[in-house]
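Residue numbers (the working numbering): 3 to 236. Note sheet for the following structure.
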Amino acid sequence: MLMNGMARKAGLAGLMGLMVLAGGCEYMQTTDPYTGQTEVNKTTKGAAIGAATGVAIGLITGNDSAQRKKNALILGGVGAVAGGAVGNYMDRQDAALRARLQGTGVSVTRTGPKGENITLNMPGNITFAVNSGDINSSFYPVLDSVALVLKEFDKTMVEVAGHTDSDGSDSYNQLLSEKRANSVVAYLTSRDLRADRFIAVGAGESRPIASNATPEGKAQNRRVEITIVPLTAN
Numbered sequence: 003m004l005m006n007g008m009a010r011k012a013g014l015a016g017l018m019g020l021m022v023l024a025g026g027c028e029y030m031q032t033t034d035p036y037t038g039q040t041e042v043n044k045t046t047k048g049a050a051i052g053a054a055t056g057v058a059i060g061l062i063t064g065n066d067s068a069q070r071k072k073n074a075l076i077l078g079g080v081g082a083v084a085g086g087a088v089g090n091y092m093d094r095q096d097a098a099l100r101a102r103l104q105g106t107g108v109s110v111t112r113t114g115p116k117g118e119n120i121t122l123n124m125p126g127n128i129t130f131a132v133n134s135g136d137i138n139s140s141f142y143p144v145l146d147s148v149a150l151v152l153k154e155f156d157k158t159m160v161e162v163a164g165h166t167d168s169d170g171s172d173s174y175n176q177l178l179s180e181k182r183a184n185s186v187v188a189y190l191t192s193r194d195l196r197a198d199r200f201i202a203v204g205a206g207e208s209r210p211i212a213s214n215a216t217p218e219g220k221a222q223n224r225r226v227e228i229t230i231v232p233l234t235a236n
């Protein structure tokens with residue numbers, strides 16, 4: 003149902019207030035059970051963040067494909083994490099991923115404006131052969147572990163992005179990155195995960211994380227990143 007102008011303005015004002023509230027909350031620190039490092043716990047701040055983003059989903063139709071997909075997933079029956087529970091939900095998923103992926107060469111990082119997302123960095127030297135879009139069979143068990151966690155924590159949207167170094171033409175790198183992203187999505191969805199939770203993105207050489215002037219830097223840039231985004235509701 004469409005909102006009239008006044009209701010929409012009021013809703014947006016309320017949303018802005020919730021965003022301010024989210025910014026004023028304090029983080030809690032916890033010790034990572036796998037690394038021993040002190041980390042920021044997202045549970046407390048997640049209560050405010052979740053409330054704000056939950057209202058946003060309720061009031062505003064997303065202007066980009068990712069937001070539209072999130073809206074469609076929630077309305078399509080995937081469900082959503084209650085606003086105040088999103089921090090704890092993602093903390094538990096983070097811990098499960100770190101436990102399963104320890105020693106695999108895959109890094110787990112909290113990302114997003116408020117640390118609400120989880121990004122897995124999968125180096126190209128362990129995921130694909132040179133110039134190939136086919137996943138190394140030795141990497142299947144790692145993706146199986148990721149699939150198990152995604153199945154357990156199913157109230158998320160997943161972006162899979164392929165990246166290359168600067169060797170070769172722009173068009174070649176773009177196509178290769180798309181093939182690799184699509185290969186990872188195809189594998190994960192073959193593990194009984196809903197295909198509509200996934201977005202495959204080819205970034206080519208446009209998003210380096212290291213210098214392409216050295217072999218070491220190029221190796222870091224050849225990667226697949228899986229970013230897990232919570233579906234939040236009011």
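In this text, a Cβ means the ideal position worked out from N, Cα and C, and glycines have one as well.
- For the alpha helix (DSSP H) assignment, the uninterrupted runs of no fewer than 4 residues enclosed by the region 108-146 are, from N- to C-terminal side, 126-129.
- Residue burial annotation: residue 153 is exposed, with fewer than 16 other C-beta atoms found within 10 angstroms of its C-beta.
- Spanning the alpha carbons of residue 184 and residue 202 requires a straight line of approximately 6 Å.
- Per DSSP, residue 158 is not a residue of any alpha helix (DSSP H); the beta strand (DSSP E) it occupies stretches across 158-165.
- Leaving aside the five residues that flank residue 138 on each side, the residues in its chain whose CB is nearer than 8 Å to its CB run, in chain order, 128, 129, 130, 131.
- Beta-bridge annotation (DSSP): residue 203 is paired with 163.
- Boundaries of the beta strand (DSSP E) around residue 225: 225-232.
- When the five nearest sequence neighbours on each side are left out, the beta carbons in the same chain lying within less than 7 Å of the beta carbon of residue 176 are those of 204, 206, in order along the chain.
- Per the DSSP secondary-structure output, residue 186 pairs with nothing in a beta bridge.
- In this structure the region 184-200 does not lie against the region 98-117, because fewer than three pairs of beta carbons, one per stretch, are closer than 8 Å.
- Listed in chain order, the non-local C-beta contacts of residue 133 below 8 Å within the same chain comprise 178, local neighbours out to five positions each way being set aside.
- Excluding residues up to 5 positions away in sequence, 167, 214 lie with their Cβ nearer than 6 Å to the Cβ of residue 220 in the same chain.
- For residue 98, the uninterrupted alpha helix (DSSP H) segment begins and ends at 88-103.
- Ranked by Cα distance from residue 121, the options 233, 94, 228 are led by 228.
- A residue is called buried when at least 16 other Cβ atoms come within 10 angstroms of its Cβ; residue 105 does not meet this threshold and is exposed.
- Excluding sequence positions up to five before and after residue 95, its CB lies within less than 6 Å of the CB of 155, all in the same chain and listed in chain order.
- Measuring C-alpha to C-alpha distances from residue 218 to each of 126, 93, 102, 101 identifies 126 as the nearest.
- Residue 149 places its beta carbon less than 9 Å from that of residue 194.
- Looking at 200, 163, 170, the one whose alpha-carbon comes closest to that of residue 182 is 163.
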